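Reading through the structure tokens given below for one structure.
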Amino acid sequence: MNIVKPASVADAVSAAKAVAGSGGDVAYLAGGHTLIPAMKARLRDPEQLVDLAALDDLRGIIEADGRLWMGAMTRHRDVAEQAGRIPALTEMALLIGDPQVRNRGTLGGALANNDPAADYPAAALALEAVIETDRASHAAADFFQGMFFTALEDGELIRRVGFRIPKRAAYAKFRHPASRYALSGVFVAELDEGIWRVAVTGCGQEGVFRWPEAEEALATGTDIASVTPPAASLMSSDIHASAEYRAHLCTVMLAQAAQGLQ
Amino acid sequence: MTPMTLNGTPITVDAAPTELLVNVLRDDLGKTGTHIGCDTSQCGACNVLMNGEPVKSCTILLAQAEGAAITTVEGLAEGGKLHPMQAAFKEEHGLQCGFCTPGMIIAGIGIAERHGAGVDDATIAHELEGNLCRCTGYVNIVKAIRKGAADMGAGA
Numbered sequence: 035m036n037i038v039k040p041a042s043v044a045d046a047v048s049a050a051k052a053v054a055g056s057g058g059d060v061a062y063l064a065g066g067h068t069l070i071p072a073m074k075a076r077l078r079d080p081e082q083l084v085d086l087a088a089l090d091d092l093r094g095i096i097e098a099d100g101r102l103w104m105g106a107m108t109r110h111r112d113v114a115e116q117a118g119r120i121p122a123l124t125e126m127a128l129l130i131g132d133p134q135v136r137n138r139g140t141l142g143g144a145l146a147n148n149d150p151a152a153d154y155p156a157a158a159l160a161l162e163a164v165i166e167t168d169r170a171s172h173a174a175a176d177f178f179q180g181m182f183f184t185a186l187e188d189g190e191l192i193r194r195v196g197f198r199i200p201k202r203a204a205y206a207k208f209r210h211p212a213s214r215y216a217l218s219g220v221f222v223a224e225l226d227e228g229i230w231r232v233a234v235t236g237c238g239q240e241g242v243f244r245w246p247e248a249e250e251a252l253a254t255g256t257d258i259a260s261v262t263p264p265a266a267s268l269m270s271s272d273i274h275a276s277a278e279y280r281a282h283l284c285t286v287m288l289a290q291a292a293q294g295l296q
Numbered sequence: 625m626t627p628m629t630l631n632g633t634p635i636t637v638d639a640a641p642t643e644l645l646v647n648v649l650r651d652d653l654g655k656t657g658t659h660i661g662c663d664t665s666q667c668g669a670c671n672v673l674m675n676g677e678p679v680k681s682c683t684i685l686l687a688q689a690e691g692a693a694i695t696t697v698e699g700l701a702e703g704g705k706l707h708p709m710q711a712a713f714k715e716e717h718g719l720q721c722g723f724c725t726p727g728m729i730i731a732g733i734g735i736a737e738r739h740g741a742g743v744d745d746a747t748i749a750h751e752l753e754g755n756l757c758r759c760t761g762y763v764n765i766v767k768a769i770r771k772g773a774a775d776m777g778a779g780a
């Protein structure tokens, strides 16, 4: 296994292309807090790692055009400390992993991996994020394509992500007590007056999804306690939680998020 | 060869750049105070300071530590005097078997740096979510970090 540390996005992409073009397995290394555990578990065995640590223009947070734009290498800690323009995002970032994980893990890494229990996909879907890469601009609605799958092509590198600044939003998460990943995570956002988005992570067999019944209830002012839970047949089920339990947790997290809107 | 600063001393490390930092620290550099508890990024026994911030060295490659300042538990005491956080763990009996202790002390320093001398117990408990202890029940660890943070703030 080799590792290179390119000095520019263009160099990073061509380093990845060189290996992928000859049929080799190549992986971008951001914070490494998903990739390295996956490698230790022998789920990934790339022959080439492309370390993005030197790409300083992939860091930082700015506000423009009604969006909060964050560089792909922005760490969870930085989001927690600097994304105050969207309080729900800072709140969400503080629920990821633990302080040591937040010192390393990155926004871009989390989105590119699209773990079905990760938090950022819910925020990206609810806040209609735009995911800009070295070659394209993806709407979040088209970006997440099932568990661990995204619209990214081989070697495509996320540069930055723009989250719509909502009128108000909140995230509620039921955490697995050891891994801190979501058993159910519900991100609620009012984008414009009466326009609501509700995105759910941690539950779906195909990863993050929108919950139209919950959006409808928030838009019409219906009692959210009466919202139909997501179908149990769409829920994942494992030793930690059954499909029925996860579906129920969604309604509990929805109520918590709706109470915590800011 | 990978250059870094280890416990204040500039060094170059002759090990595979894709080796885990924790293995390099323990096997190549002899800093066995950094422990391996779970190897799955959950227990925090392998915590070290990287440029002053606590990180899990089981989830960092040597190449990622290139040019960084790494501080292990061996590098905390100065001139034979324990770091205030180490002294607090001793005074408050914040350990039993001691296996998790180096990681707890490193995490405690990070908590003190971010939350200051007056950090409260609830904050400490929340911030320790990435550190597992199988002996103490955490009560004395929280007390030790509260005292350590106060003593660090007082410049002890």
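Residue numbers (the numbering used here), protein chains in the order written: chain A, 35 to 296; chain B, 625 to 780.
Using N, Cα and C, we set each Cβ at its ideal position, and we do this for glycine too.
Model, not experiment: these values are computed from the prediction.
Quiz item: Closest Cβ-Cβ distance between A41 of chain A and chain B: below 8 Å?
Solution: Closer than 8 Å: no.
Exercise. Could you tell me the distance, in whole angstroms, from the CA atom of M107 of chain A to the CA atom of Q116 of chain A?
Key: Going by the C-alpha atoms only, they are around 14 Å apart.
Quiz item: Between the C-alpha atoms of G55 of chain A and R280 of chain A, what's the straight-line distance to the nearest angstrom?
Solution: Near 42 Å, if we compare the C-alpha coordinates of R280 of chain A and G55 of chain A.
Practice problem: Please say whether G740 of chain B and I769 of chain B have beta carbons closer to each other than 8 Å? | Solution: No.
Quiz item: When every heavy atom of the ligand NAP is checked, does at least one fall within less than 7 Å of the C-beta of V164 of chain A?
Solution: Judged by which ligands are present, the structure shown has none, so any question about the ligand NAP falls away.
Self-check item: Alpha-carbon to alpha-carbon, D651 of chain B and R738 of chain B
Solution: Rounded to whole angstroms, R738 of chain B to D651 of chain B spans 31 Å at the Cα level.
Quiz item: Got a sec: which bits of the stretch 86-106 of chain A sit with their beta carbon under 8 Å from any beta carbon on chain B, in order along the chain?
Solution: Cβ contacts with chain B: A87.
Quiz prompt | Residues in the stretch 654-667 of chain B having any Cβ partner in chain A nearer than 8 Å | solution = So the close ones are D663, T664, S665, Q666.
Self-check item: Under 7 Å from the C-beta of E677 of chain B: neighbouring residues of chain A
Solution: Result: N137.
Self-check item: Test item: CB-CB of A146 of chain A and L186 of chain A under 8 Å
Solution: When the beta-carbon positions are compared, A146 of chain A and L186 of chain A come within less than 8 Å of each other.
Quiz item: At a cut of 8 Å, does the stretch 625-634 of chain B reach the stretch 684-697 of chain B through at least three beta carbon pairs?
Solution: Segments in contact, yes.
Quiz item: Could you give the residue range of the beta strand (DSSP E) that holds K207 of chain A?
Solution: 202-209 is the span of the beta strand (DSSP E), which, as asked, contains K207 of chain A.
Practice problem: Decide if M73 of chain A is buried, meaning its Cβ has at least 16 other Cβ atoms within 10 Å, or exposed. | Solution: With 16 or more other Cβ atoms within 10 Å, it is buried.
Quiz item: Exposed or buried, A50 of chain A, counting other C-beta atoms within 10 Å across all chains shown (16 or more means buried)?
Solution: Around the C-beta of A50 of chain A, 16 or more other C-beta atoms lie within 10 Å, and the residue is accordingly described as buried.
Exercise. Would you verify that the beta carbon of I684 of chain B is, or is not, closer than 8 Å to some beta carbon of chain A?
Key: Yes, I684 of chain B counts as interfacial toward chain A.
Quiz prompt | beta strand (DSSP E) runs wholly inside the stretch 158-220 of chain A, at least 3 long, in chain order | solution = As for any beta strand (DSSP E) of minimum length 3 sitting wholly inside the stretch 158-220 of chain A, the runs are 164-167, 171-173, 192-198, 202-209, ordered along the chain.
Quiz prompt | Chain-order list of residues whose beta-carbon lies under 6 Å from that of A122 of chain A (same chain, five-residue window excluded) | solution = Non-local beta-carbon contacts of A122 of chain A in its own chain, meaning distances under 6 Å to residues more than five positions away in sequence, involve A203, A204, Y205 in chain order.
Quiz item: Under the DSSP definition of a beta bridge, which residues are partnered with W245 of chain A?
Solution: Beta-bridge partners assigned by DSSP to W245 of chain A: none are found.
Quiz item: Nearest-angstrom Cα distance between R198 of chain A and L225 of chain A?
Solution: Rounded to the nearest whole angstrom, the C-alpha separation of R198 of chain A and L225 of chain A is 7 Å.
Quiz item: Would you call S270 of chain A buried or exposed, if buried means 16 or more other Cβ atoms sit within 10 Å of its Cβ?
Solution: Its Cβ being crowded by 16 or more others within 10 Å, S270 of chain A is buried.
Quiz prompt | Nearest candidate by alpha-carbon position, reference A87 of chain A, set B:D745, B:E715, B:L686 | solution = With distances taken between Cα atoms, A87 of chain A lies closest to B:L686.
Self-check item: Proximal residues to R209 of chain A (C-beta, below 8 Å), its chain only, five neighbours per side dropped
Solution: Beyond the five residues adjoining it in sequence on each side, R209 of chain A comes within less than 8 Å, by CB distance, of L129, Y215, A216, L217 in the same chain, given in chain order.
Quiz item: To the nearest whole angstrom, what separates the beta carbons of W103 of chain A and G196 of chain A, a pair I think is in contact under 8 Å?
Solution: With a Cβ gap of about 5 Å, W103 of chain A and G196 of chain A count as contacting.
Practice problem: Please compile the residues from chain B whose C-beta is within a distance smaller than 7 Å of the C-beta of D132 of chain A. | Solution: Residues of chain B passing the Cβ test: E753, G754.
Exercise. Tell me A693 of chain B's beta-bridge partners as DSSP assigns them.
Key: A693 of chain B has B:T629 as its beta-bridge partners, per DSSP.
Self-check item: Residue-chain proximity (K680 of chain B, chain A), Cβ-Cβ < 8 Å
Solution: Interface residue, yes.
Quiz item: Since V38 of chain A contacts D168 of chain A with CB under 8 Å, what's their CB separation in whole angstroms?
Solution: No, V38 of chain A and D168 of chain A are not in contact; Cβ-Cβ is about 16 Å, not under 8 Å.
Quiz item: Does the beta carbon of T747 of chain B come closer than 8 Å to any beta carbon on chain A?
Solution: Chain A, which has no Cβ nearer than 8 Å to the Cβ of T747 of chain B, makes this no.
Quiz prompt | Close beta carbons around K207 of chain A, own chain, < 6 Å, minus the five adjacent residues each side | solution = Same-chain partners within the cutoff: L129, A216, G219.
Quiz item: Whose Cβ in chain A lies nearer than 8 Å to the Cβ of P641 of chain B?
Solution: In chain order: I37.
Quiz prompt | Residue closest to G65 of chain A, alpha-carbon to alpha-carbon, out of A:A275, A:A114, A:V135, A:A41 | solution = Of A:A275, A:A114, A:V135, A:A41, the residue nearest in Cα terms is A:V135.
Quiz item: How would you write the range of the beta strand (DSSP E) that G772 of chain B sits in, first residue to last?
Solution: DSSP places G772 of chain B outside any beta strand (DSSP E); the residue lies instead in the alpha helix (DSSP H), whose first and last residues are 763-777.
Quiz item: Interface residues of chain B around I165 of chain A at Cβ under 7 Å?
Solution: By Cβ distance, chain B contributes nothing, its closest Cβ being about 24 Å from I165 of chain A, past 7 Å.
Quiz item: Ordered along the chain, which non-local residues of its own chain (more than five positions away) have a Cβ less than 8 Å from that of Q296 of chain A?
Solution: Apart from the 5 residues on each side of it in sequence, Q296 of chain A sits with its Cβ closer than 8 Å to the Cβ of P121, A122, R202, A203, A204 in its chain, given in chain order.
Practice problem: Confirm, please, whether the CB-CB distance from E166 of chain A to R138 of chain A is below 8 Å. | Solution: In this structure, E166 of chain A does not lie closer than 8 Å to R138 of chain A by Cβ.
Exercise. Take A233 of chain A as the anchor and find which of A:A265, A:G57, A:R111, A:A158 has the nearest alpha-carbon.
Key: It is A:A158 whose Cα lies nearest to the Cα of A233 of chain A.
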